[in-house]
Amino acid sequence: MGKGDTEVFDFSAPPRYAQGCRGFKEGSDPKNGGKTMTKPRTATPRDGCAWVTGAASGMGAALALLLARNGWTVAASDRREDGLARVVAQASPGRIQAFALDITDAAAVAGIVPTIEERMGPVALAVLNAGILELMTAETFSVAVVRAQVETNLMGTVHCIEAVLPRLLLRGRGQLALTASMGTYRGLPRMGAYGASKAGLVSLAESLKFDLDPAGVRIQVINPGVVRTPILADCPSPIPYQISAETAARRIVAGLGTHHFEISFPRPVVLAAKVLRALPDWLYYRLLH
Ligand SMILES: NC(=O)c1ccc[n+]([C@@H]2O[C@H](COP(=O)([O-])OP(=O)(O)OC[C@H]3O[C@@H](n4cnc5c(N)ncnc54)[C@H](OP(=O)(O)O)[C@@H]3O)[C@@H](O)[C@H]2O)c1
Numbered sequence: 051m052g053k054g055d056t057e058v059f060d061f062s063a064p065p066r067y068a069q070g071c072r073g074f075k076e077g078s079d080p081k082n083g084g085k086t087m088t089k090p091r092t093a094t095p096r097d098g099c100a101w102v103t104g105a106a107s108g109m110g111a112a113l114a115l116l117l118a119r120n121g122w123t124v125a126a127s128d129r130r131e132d133g134l135a136r137v138v139a140q141a142s143p144g145r146i147q148a149f150a151l152d153i154t155d156a157a158a159v160a161g162i163v164p165t166i167e168e169r170m171g172p173v174a175l176a177v178l179n180a181g182i183l184e185l186m187t188a189e190t191f192s193v194a195v196v197r198a199q200v201e202t203n204l205m206g207t208v209h210c211i212e213a214v215l216p217r218l219l220l221r222g223r224g225q226l227a228l229t230a231s232m233g234t235y236r237g238l239p240r241m242g243a244y245g246a247s248k249a250g251l252v253s254l255a256e257s258l259k260f261d262l263d264p265a266g267v268r269i270q271v272i273n274p275g276v277v278r279t280p281i282l283a284d285c286p287s288p289i290p291y292q293i294s295a296e297t298a299a300r301r302i303v304a305g306l307g308t309h310h311f312e313i314s315f316p317r318p319v320v321l322a323a324k325v326l327r328a329l330p331d332w333l334y335y336r337l338l339h
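Numbering-wise (this note's numbering), the sequence shown opens with residue 51 and increments by one.
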């Protein structure tokens with residue numbers, strides 16, 4: 051392009067790799083060059099295995115076990131090998147395989163997906179759930195606290211997406227779910243570093259959805275309310291409306307079977323959070339102070 055030329059991007063055009071793939075149906079929409087898009091379909095155990103990160107504890111463990119009970123073979127990964135072993139032992143033999151993995155290690159993440167697929171078949175469903183939470187106030191503000199959460203919650207998940215996404219695109223099908231938080235709706239006290247890392251995930255998923263829908267790959271964001279798991283160890287108690295990890299796993303599985311972009315629960319917390327999100331600033335800060 052010469053100096054002064056203006057490049058024109060056509061954001062409505064489908065990505066080239068989408069053409070001819072399964073999520074893409076011939077049709078008569080003139081905007082899409084005579085093609086219409088269908089919604090990516092729900093992955094099933096017949097399509098391959100499920101990969102759950104952060105599967106040694108809390109929601110990830112409950113989800114791995116529920117998926118296994120629902121007929122999936124599950125690749126359970128986590129940095130805690132003892133926790134993974136406990137999860138594997140609770141499932142029927144062969145249903146869950148453990149993969150020790152620290153998602154902040156980009157090279158290890160890049161190597162794990164080929165290993166999973168070699169042993170268990172194609173990854174049809176990836177629930178990228180591993181995460182950490184460290185509270186932070188203005189007094190305790192530190193680069194280290196922010197960096198740790200961004201490196202794990204955002205960049206760790208990004209490593210996982212980079213490892214699995216090209217395979218889903220090549221097959222023209224699959225499901226990707228990123229665990230964020232309702233704390234991304236609006237700034238919450240002491241959750242600045244956590245919220246920043248999780249909000250990045252939501253924005254990433256919202257943007258990727260434009261490319262992935264026509265490519266036949268479903269992307270969803272999981273926004274749990276408050277779930278009783280070890281991640282809340284440092285949070286003030288009691289936090290109202292807590293649900294168990296098993297209940298959360300059931301809601302996640304139900305949501306994975308829908309076309310909804312956001313999987314959020316429990317309903318009273320979702321409603322309250324959405325009302326708070328819509329409030330004017332003066333009222334929001336008065337209520338939450
Ligand atoms: N519980 C809630 O109320 C709530 C609400 C909204 C969103 N979430 C999100 O839900 C997800 C699951 O959390 P949870 O509540 O089930 O907490 P959890 O019981 O602590 O489970 C998270 C698991 O991820 C692992 N993990 C952390 N960093 C990792 C890394 N770098 N590599 C591999 N594994 C790593 C943790 O290991 P360690 O124990 O060693 O850290 C832990 O086993 C998280 O992303 C969390 O942010 C939770």
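For glycine and all other residues, C-beta sits at the position ideal for the given N, C-alpha and C.
All values derive from a computational prediction rather than experimental measurement.
Buried or exposed by the 16-neighbour rule on C-beta atoms within 10 Å, applied to residue i
i, result
"Thr-207", "buried"
"Gln-140", "exposed"
"Tyr-235", "buried"
"Gly-317", "Contrary to the premise, residue 317 reads as Arg rather than Gly in this sequence. Exposed, because fewer than 16 other Cβ atoms sit within 10 Å of the Cβ of Arg-317."
"Arg-327", "exposed"
"Leu-338", "exposed"
"His-209", "buried"
"Pro-330", "exposed"
"Lys-324", "exposed"
"Arg-119", "exposed"
"Thr-340", "In the structure displayed, the chain extends from 51 to 339; residue 340 sits before or after that span and is not available."
"Ile-289", "exposed"
"Asp-284", "exposed"
"Gly-305", "buried"
"Leu-215", "buried"
"Lys-75", "Reliability of the predicted coordinates at Lys-75 is poor, the pLDDT of 44 falling under 50, and the value obtained from them is presented with this limitation in mind. Result: exposed."
Of the residues the options, the one placed nearest residue i, counting alpha carbons only
i, options, result
"Leu-375", "Phe-260, Thr-165, Ser-142", "Because the chain is modelled from 51 through 339, residue 375 falls outside the range shown and cannot be assessed."
"Ala-198", "Ala-126, Ala-188, Glu-184", "Glu-184"
"Gly-237", "Trp-122, Tyr-335, Val-138", "Tyr-335"
"Leu-258", "Tyr-244, Ile-211, Ser-142", "Ile-211"
"Ala-194", "Thr-279, Trp-122, Tyr-244, Val-163", "Tyr-244"
"Thr-123", "Pro-95, Pro-264, Gly-233, Ala-135", "Pro-95"
"Ile-342", "Ala-156, Leu-116, Thr-103, Val-196", "The displayed coordinates of the chain run from 51 to 339. Any statement about residue 342 would go beyond what the structure contains."
"Ala-298", "Gly-108, Arg-91, Gly-104", "Gly-108"
"Gly-222", "Arg-169, Asp-261, Gly-250", "Asp-261"
"Ile-269", "Pro-280, Leu-113, Ile-281, Ala-255", "Ala-255"
"Met-170", "Ile-153, Ile-146, Glu-189, Ile-182", "Ile-146"
"Ile-182", "Pro-330, Ala-230, Leu-220", "Ala-230"
"Thr-308", "Ala-148, Ala-106, Val-271", "Val-271"
"Phe-191", "Met-205, Leu-218, Pro-216, Arg-240", "Arg-240"
"Ala-105", "Asp-155, Asp-97, Ala-114", "Ala-114"
"Ala-322", "Gly-121, Tyr-291, Ala-176, Thr-92", "Tyr-291"
"Lys-248", "Leu-282, Glu-296, Val-196, Arg-129", "Val-196"
CB-CB length for residue i against residue j, believed under 8 Å
i, j, result
"Val-200", "Ala-246", "7 Å"
"Ala-342", "Ala-213", "Residue coverage of the chain in this structure runs from 51 to 339, which leaves residue 342 outside it and unanswerable."
"Leu-178", "Ala-227", "7 Å"
"Val-267", "Gly-224", "5 Å"
"Ala-158", "Gly-133", "18 Å between Cβ atoms; not a contact."
"Phe-315", "Pro-264", "The Cβ separation is near 28 Å, so there is no contact."
"Thr-154", "Thr-202", "6 Å"
Cβ-heavy atom distance, residue i to ligand 1, below 8 Å
i, result
"Met-232", "yes"
"Ile-153", "yes"
"Val-276", "yes"
"Met-241", "no"
"Met-186", "no"
"Thr-94", "no"
"Leu-220", "no"
"Leu-282", "yes"
"Lys-248", "yes"
"Arg-301", "no"
"Ser-294", "no"
"Tyr-244", "yes"
"Met-170", "no"
"Leu-183", "yes"
"Asp-128", "yes"
"Ala-148", "no"
"Ser-107", "yes"
"Thr-202", "yes"
"Thr-190", "no"
"Asn-179", "yes"
"Gly-104", "yes"
"Gly-133", "yes"
"Ala-165", "The residue you asked about is not Ala; residue 165 is Thr in the sequence shown. Checking the Cβ of Thr-165 against ligand 1 gives no."
Any C-beta of chain C under 9 Å from that of residue i
i, result
"Gly-242", "The chain labelled as chain C is not found in the depicted structure, where only one protein chain is given."
Those runs of the beta strand (DSSP E) which lie wholly inside the stretch 85-130 and span at least 3 residues: 85-87, 99-103, 124-128
Continuous alpha helix (DSSP H) assignments of at least 4 residues falling wholly in the stretch 193-280: 193-199, 207-221, 242-262
Alpha helix (DSSP H) runs wholly inside the stretch 151-180, at least 4 long, in chain order: 156-170
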